[in-house]
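See structure below.
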Amino acid sequence: MANIAVLSLNPALDVTYKIQKLVDDEKIHSFETRFDPGGNGINVGRALKDLKQRLRLAVF
């Protein structure tokens, strides 16, 4: 298995809100908020890890 280097030059923070329902013209209230690291490099690294690949992730 090859070692893979992933470089993430523009990391981001992905925010996900869970809601019960979505109705037009009503205020939305979330019951759960999730914060995950994101960005192209981080997402590629996550996919490679799921595929059981060995990798090094560098974030700048």
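Taking numbering that gives the first Met the number 0, the leading residue of the sequence shown gets 0, the next gets one more, and so forth.
Ideal placement from N, C-alpha and C gives every residue a C-beta, glycine not left out.
Under the three-state DSSP convention, the category residue i falls into
i   : result
I27 : coil
V22 : coil
A4  : strand
Those residues which DSSP pairs with residue i across a bridge
i   : result
D35 : D13
L47 : None, per the DSSP bridge assignment.
Rounded Cβ spacing between residue i and residue j (contact assumed at less than 8 Å)
i   : j   : result
G38 : P10 : 4 Å
Where residue i falls, given that 16 or more other Cβ within 10 Å makes a residue buried
i   : result
I3  : exposed
S7  : buried
I41 : buried
V5  : buried
Residue closest to residue i, alpha-carbon to alpha-carbon, out of the options
i   : options       : result
Q31 : D23, L8, V14  : In the sequence as presented, Gln is not what sits at residue 31; that position holds Glu. The shortest Cα separation from E31 among D23, L8, V14 belongs to V14.
V34 : I41, L12, K51 : In the sequence under discussion, the amino acid at residue 34 is Phe, which differs from the Val named in the question. Taking only the C-alpha atoms, the option nearest F34 is L12.
V58 : P36, Y16, K26 : P36
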